[in-house]
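Respectively, the protein sequence lines represent chains S and L.
Residues 48 to 174, numbered by the working numbering, are exactly what the first sequence covers, in order.
Residues -17 to 283, numbered by the working numbering, are exactly what the second sequence covers, in order.
A virtual CB, placed ideally from N, CA and C, is assigned to each residue, including glycine.
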Amino acid sequence: MQIRISNSDGVPIYRQIVNQVKYLVAAGRLSSGDRLLPVRTLAEQLVVNPNTVSRAYRELESAGVITARQGSGAFVSDNGSPLALREKRKLLQQRVDMLLAEADSLGVDVTTVVKLLRDRSRKFNSE
Amino acid sequence: MSETVVEFDRLSRSFGAKRALNEVTLRVERGSVFGLVGENGAGKTTLIRHAIGLLKAKQGSVRVFQLDPVRHPKEVLGRIGYLSEDRDLPDWMTVAQLMRYNQAFYRGWDEAFAEQLREQFELDPKQQVKKLSRGQRARAGLLIALAHRPELLILDEPSSGLDPVVRRDILSAIIRTVADEGRTVLFSSHLLEEVERVADQVAMIHSGRVGLNGPLPEILQEHKRLVLRFGEPQLAEPNLPGAISCQGTGREWTVLCNGGVEELRVAASKCGAEIVDEGTPTLDEIFLARAGSQTDRQGAS
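Here it is in structure tokens:
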């Protein structure tokens, strides 16, 4: 469970933790049933206030990403997949936005971009 | 259920004509990491020196563990770990002598823990304190502050002038201290990204007075950074109600406000501007905006 905290991007620290755990689940680097680091351990590792980590875990719990079990810690939920799909789409969406912006600046319309995607996908699958 | 560990009650202090502290009222609760922020000379060190009994309260009062630190130095200081900015250590001692000397002073001294810290900080026991580098000196000071496992750790500008590796040691020590149930940290710093990382309570001090004071998550949440785009280029800083600071040129201006986004939106649209971006400012931005507006006000009066 590798998390990096950046001070420069203006995103509150607890939200950075939430986003990165969601990302790790979406990317399959954390699977359902996996145990998250205890609050104290993660706080010491990231050098952030333990309350900030607790807050991130509470948020992840209410979003259904993790389940806290009394006395034994926090685990990635079983029903992680629908959310993971959402996160995956979100990740791809950023790429799509960039692609569209570039196509636009080159004067290529959306229909052509979609056609190109289909062609490439066909090529991909046949290989 | 919370218990106050340090309490300043309407504490004022003057040095000659200079008012260093002006009616400061603050409470540090058990188990919290309390960050004091302010410019150099704002009064942070004066406040901390009152907490450890180096200064006697003349107006107002100071209580640490419900005791007056000047009248009960033994009871109070034995439970505090303290590291000052100038890291005052006896130069003529070796590291080993420094450790033995402090061991005799503190009842709770944990010899195994002290040795573990010494190794972790790569301090040579035979090295003389005066020959330690700046960073090693800070680490020796930190070792002394931590090894008796104090209930209250007080750090005055602990990071000032240190490289990132030593700064991280200090921040880790803060986290480890507070992660131990019931222990408390009070520290001052002007490195606001560090404060934002480790503190859960923050008080801003300007010219001896307490400005913002509260839980850090709330302070961050209440403030908003808005980018306004005006129909016409603005030649002077737009005067908007509720704005703490306003910076920019031409059509786009960045405004920092404390809540009241809707009022600001209305006021902005009256001046022919719309909000084109909205975000959460960092503690650094909030501090700069507030410090700036304070100076403006003083300049104007």
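For Asn96(S), a Cβ of chain L is located within less than 8 Å of the residue's own Cβ. For Ala181(L), the chain S residues whose C-beta falls within less than 9 Å of its own C-beta are Asn96, listed in chain order.
A direct Cα-to-Cα measurement between Arg100(L) and Ala122(L) gives close to 8 Å. Interface flag for Gly118(S) against chain L is unset, since no Cβ pair is found closer than 8 Å.
In the same chain as Glu(-15)(L), and ignoring 5 residues on each side of it, the C-beta atoms closer than 8 Å to its own belong to Glu11, Arg12, in chain order.
A buried status is given to Gly63(L), since no fewer than 16 other beta-carbon atoms sit within 10 Å of its beta-carbon.
Interface flag for Thr264(L) against chain S is set, since a Cβ pair is found closer than 8 Å. Counting C-beta pairs with one atom in each stretch, the region 135 to 142 of chain S and the region -14 to 2 of chain L have fewer than three that are closer than 8 Å, which means they do not touch. The beta carbon of Ala225(L) sits closer than 8 Å to those of Val237, Leu238, Cys239, Leu246, all from its chain and outside the five residues before and after it, given in chain order. When the five nearest sequence neighbours on each side are left out, the beta carbons in the same chain lying within less than 8 Å of the beta carbon of Val258(L) are those of Val209, Leu210, Arg211, Glu234, in order along the chain.
The DSSP-derived three-state label of Asn240(L) is strand.
For the pair Arg31(L) and Leu37(L), the CB atoms are nearer than the 8 Å cut-off. Per the Cβ contact rule, the region 65 to 82 of chain S is in contact with the region 94 to 108 of chain S (3 or more Cβ pairs under 8 Å). Ala129(L) and Val243(L) have their C-alpha atoms roughly 48 Å apart. Neighbours of Arg87(S) in chain L, taken as residues at a C-beta separation under 7 Å, are given in chain order as Ala161. Contact check for Ser154(L) against Glu91(S) passes: the beta carbons are separated by less than 8 Å. Of all residues in the region 136 to 166 of chain L, only Arg150, Leu153, Ser154, Ile157, Arg158, Val160, Ala161 come within less than 7 Å of chain S when Cβ atoms are compared, listed by chain position.
The shortest CA-to-CA distance from Gly196(L) to any of Tyr83(L), Ala273(L), Leu8(L) is the one to Leu8(L). Val77(L) does not reach chain S, its nearest Cβ partner there being about 25 Å away, counting only Cβ pairs nearer than 7 Å. At a cut-off of 8 Å, the C-beta of Val15(L) has a neighbouring C-beta in chain S. The residues Asp(-9), in chain order, have a CB closer than 6 Å to that of Ser43(L) in the same chain once the five nearest residues on each side in sequence are set aside. Apart from sequence neighbours up to five positions away, the residues of its chain that approach Val52(L) with a beta-carbon distance below 7 Å are Gly35, Lys38, ordered along the chain.
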